[in-house]
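Notes to accompany the following structure.
Residue numbers (my numbering): 54 to 485.
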């Protein structure tokens, strides 16, 4: 942490006085982590030098101007607990809960601070502070519903009945379409000359709420010469659980997928949050997860690397905007790949969204748990999308798609929200 040279106090302000110096834990200091086995490590905490380059890129700091709502402030709070100077309390909990874990800070950090990993472990620590009701709802949603195919089906089937009883802000976030029946084909043969075999993650929410995106993914991969497998034993990737302090559940789900994809040469994932998480399975499980982590590819990344057959016809749209999902652009560095693929479609005009790399406010369950902050970010994004004049906005992450669609409906903007692979699929099908 930083120590003020005059007062001797810990610095949490936005400006660092000249002569401030770093201090570490006192010799023999005992960290005040309630669950020390899952705490942010001293080696991770020490990577932050409090330079402040992350501040203008942090959505919560930008909107509040509060140091406690910045990556540097949150790391300072973690440090004082790690050094035994403070305890995990409700103030600490508020600091951590307000974070979107969008990882914009990681993207610009010269010291490569693993902020996402630290936040996941900090959130493990605050779970015991939550009310019995909050813990029950998180257990029901994250440990039970998303982790079980049968429970997710039941929750999806109940959506229409439950909708009238939900608060307006939650009704706004529900998907327009839910797929309850049928399954993706276990094997889809390639068209033309075969280039290889890939397995895809069908996902949990993705396959119930965005089944058409999964179908388009399979068709586009097959059109480009890939045999596509959908392993039946797979399940939720565990990203939402990890982001919200449920690391034990995230590990259980990761091990399930290790087995399901053990024989796959390449695992292609069309949801940016899922692909980013699976690429970091080794953070959860160590070396045993490296084989799956290293063979996971985001769909846009994979199609760009391998090349596609250019569509012969357009997709029936003109101006298209592209939204950078945080876990694509920030966590994986996937920016030019989807744009290059979209520009292969004849007649498509690709336009940029003002401040397009800013988080939309979805952030897993953030738009449910932090509605005020998420609503402000959603409104910014929706206005920026509408200002492009595009008839379609592309998003490669289901949470972002739900959030942006809700924002566009709120302002009355008639803009269709699609995964970029859906436009590629439309173009291919126009040419047949």
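Glycine included, each C-beta is placed from N, C-alpha and C at the ideal position.
In this model, residue 225 and residue 137 are separated by some 43 Å (Cα to Cα).
Nearest in C-alpha terms to residue 236, of all of 255, 290 and 246, is 255. The beta-carbon distance between residue 431 and residue 413, rounded to whole angstroms, is 6 Å. This is short enough to meet the 8 Å contact definition. Beta bridge pairing from DSSP links residue 252 with 282 and 320.
For residue 397, the CB contacts under 6 Å within the same chain, skipping 5 residues up- and downstream, are 363 in chain order. The stretch 418-429 makes no contact with the stretch 337-357: fewer than 3 CB pairs, one atom from each, lie closer than 8 Å. In this structure, residue 268 sits away from residue 244, with a CB-CB distance that is not shorter than 8 Å.
An exposed status is given to residue 109, since fewer than 16 other beta-carbon atoms sit within 10 Å of its beta-carbon. Distance from the Cα of residue 354 is smallest, within the candidate group 365, 322, 376 and 338, for 322. With the rule of 3 Cβ pairs closer than 8 Å, the stretch 190-210 does not count as touching the stretch 153-163.
Straight-line spacing of the CA atoms in residue 408 and residue 438 works out to 10 Å. Counting C-beta atoms within 10 angstroms of its own C-beta, residue 266 has 16 or more neighbours from the protein chains shown and is therefore classed as buried. With contacts defined by Cβ atoms closer than 8 Å, residue 247 and residue 291 do not form a contacting pair. Within the stretch 327-400, the complete alpha helix (DSSP H) runs of at least 4 residues fall at 334-338, 343-348, 352-359, 379-385 and 389-395. In the three-state DSSP reduction, residue 241 falls in the strand class (E or B).
A check of alpha carbon separations from residue 436 across 461, 158 and 423 identifies 461 as the nearest. Residue pairing by DSSP places residue 161 opposite no residue, since no beta bridge is assigned to it. By a beta-carbon distance limit of 8 Å, residue 116 contacts residue 426. Their separation comes to about 7 Å. According to DSSP, residue pairing for residue 193 in a beta bridge does not occur. Relative to residue 263, the option among 228, 238 and 288 whose CA is nearest is 228. Sixteen is the threshold: when 16 or more other Cβ atoms of the shown chains lie within 10 Å of the Cβ of residue 351, as they do, the residue is buried. Residue 474 carries a helical assignment under DSSP once its states are collapsed to helix, strand and coil.
The shortest CA-to-CA distance from residue 286 to any of 316, 259 and 129 is the one to 316. Taking residue 165 as the centre and dropping the five residues before and after it, the same chain places the C-beta of 100 and 159 closer than 8 Å to its C-beta, in chain order.
Here the C-alpha atom of residue 96 lies approximately 50 Å from the C-alpha atom of residue 370.
In this structure, the beta-carbon distance from residue 381 to residue 450 falls below 8 Å. Taking C-beta atoms under 8 Å as the contact rule, residue 231 and residue 212 qualify, at a distance of about 6 Å. According to DSSP, residue pairing for residue 433 in a beta bridge does not occur.
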